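Residue numbers (my numbering): 92 to 404.
Idealized CB from N, CA, C, for every residue including glycine.
Note that the coordinates shown come from a computational prediction; the quantities given were computed from them, not determined experimentally.
Read the structure below first, then the notes.
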């Protein structure tokens with residue numbers, strides 16, 4: 092039985108080396124990524140039994156995506172199909188004033204047609220926690236229904252249902268988030284995602300309000316390089332991020348989710364899990380590329396160097 096089961100898309104992300112431009116480069120570096128996949132990768136790399144569930148095209152690109160994610164120790168449960176395409180993304184990295192660029196091609200992706208029958212939930216047993224990201228159900232009406240069914244069925248079997256709302260495209264995901272929240276136990280959100288659900292004076296007040304309004308057991312807010320906040324059992328804990336030299340912010344929020352969930356699945360308290368989430372995100376920002384290739388030893392060293400968390404009622 093998996094400690095953590097994640098359900099989501101796989102993206103083959105092709106990035107120019109260094110700070111080369113997409114328009115002029117003749118080389119691209121390939122990585123298999125995706126919000127749910129990255130959360131599973133992080134959890135597996137720091138010691139959790141993590142499984143990733145998806146639907147992929149039975150092509151060389153689909154097989155490459157699955158192999159890339161499995162290479163990090165993640166168990167994969169894939170519904171292979173002859174219909175649909177492999178999602179792609181193209182990225183270039185640069186400092187100001189040019190900035191970063193990312194082009195996502197998810198048209199006609201295989202996962203958009205995923206139905207409840209494609210999920211093979213019997214093959215993954217009874218996971219303790221399940222995770223989806225809020226962007227997933229926006230890909231198609233079919234996938235919206237499937238995501239809702241996934242959370243309902245795993246929740247009925249006793250799993251803790253977790254929804255991640257990152258900072259990418261919060262306006263496109265807020266309706267999907269609100270539709271899913273009745274079936275969700277834990278919400279992990281970036282500050283911009285939390286603001287899209289209803290802005291408050293500060294993260295502590297926001298966490299309290301979201302928990303009360305949506306009857307959530309736990310609310311976690313990732314504050315990028317400032318750390319994070321968790322509301323659980325009517326108590327808010329805060330954790331500051333260690334000083335970080337950011338190399339690449341891609342994958343940091345996913346790593347935050349994976350670090351937090353890995354520790355919670357292992358029975359850690361919410362404040363200890365927050366510590367692991369903040370450390371995982373900080374470490375992910377030091378890794379080039381969209382995949383949080385961090386280690387358990389690094390997370391332990393990072394958390395040991397962090398200040399004691401704040402707490403408020």
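- Beyond the five residues adjoining it in sequence on each side, residue 209 comes within less than 6 Å, by CB distance, of 146, 170 in the same chain, given in chain order.
- Looking at 97, 207, 265, 217, the one whose alpha-carbon comes closest to that of residue 240 is 207.
- Judged by DSSP secondary structure, residue 214 falls outside any alpha helix (DSSP H); it is assigned neither H nor E.
- Around the beta-carbon of residue 396, fewer than 16 other beta-carbon atoms lie within 10 Å, marking it exposed.
- A direct Cα-to-Cα measurement between residue 382 and residue 290 gives close to 30 Å.
- Annotation: the continuous beta strand (DSSP E) that includes residue 172 extends over 166 to 172.
- About 32 Å separates the beta carbons of residue 385 and residue 172, which is beyond the 8 Å limit, so they are not a contact pair.
- Judged by DSSP secondary structure, residue 192 falls within the beta strand (DSSP E) whose first and last residues are 192 to 196.
- Residue 130 sits close to residue 345, with the two beta carbons spaced by under 8 Å.
- Going by C-alpha positions, residue 175 is about 21 Å away from residue 161.
- Every beta strand (DSSP E) of 3 residues or more that sits fully in the region 111 to 192 is shown, in chain order, as 120 to 124, 141 to 148, 166 to 172, 178 to 183.
- Between the alpha carbons of residue 242 and residue 187 lies a gap of roughly 41 Å.
- Here residue 151 is exposed, its C-beta having fewer than 16 other C-beta atoms within 10 Å.
- By the criterion of a C-beta distance shorter than 8 Å, residue 233 is surrounded in its chain by 203, 204, 205, 206, once the five residues flanking it on both sides are discounted.
- With a 10 Å radius around the Cβ and a threshold of 16 neighbouring Cβ atoms, residue 366 comes out buried.
- Rounded to the nearest angstrom, the Cβ distance from residue 142 to residue 93 is 4 Å, consistent with a contact under 8 Å.
- CA-CA distance, residue 324 to residue 309, rounds to 8 Å.
- Counting other Cβ atoms within 10 Å of its Cβ, residue 194 stays below 16 and is therefore classed as exposed.
- Comparing alpha-carbon positions, the option among 357, 292, 97, 393 lying closest to residue 138 turns out to be 357.
- Here DSSP, grouped into helix, strand and coil, assigns residue 355 to helix.
- Taking a contact as a CB-CB distance under 8 Å, the pair residue 184 and residue 339 counts as one, their CB atoms being some 7 Å apart.
- Under the three-state reduction of DSSP, residue 368 is assigned to helix.
- If you keep only unbroken alpha helix (DSSP H) runs of at least 4 residues inside the region 199 to 286, you get 232 to 247, 261 to 271.
- Of the residues assessed, residue 109 falls on the exposed side of the cut-off, its CB having fewer than 16 other CB atoms within 10 angstroms.
- Between residue 347 and residue 364, the gap from beta carbon to beta carbon reaches 8 Å or more.
- For the set 226, 106, 249, 321, the Cα lying nearest the Cα of residue 127 is the one of 226.
- In its chain, beyond the 5 residues on either side, 175, 176 have a beta carbon closer than 7 Å to the beta carbon of residue 199.
- According to the DSSP assignment, residue 389 belongs to the alpha helix (DSSP H) that extends over 387 to 395.
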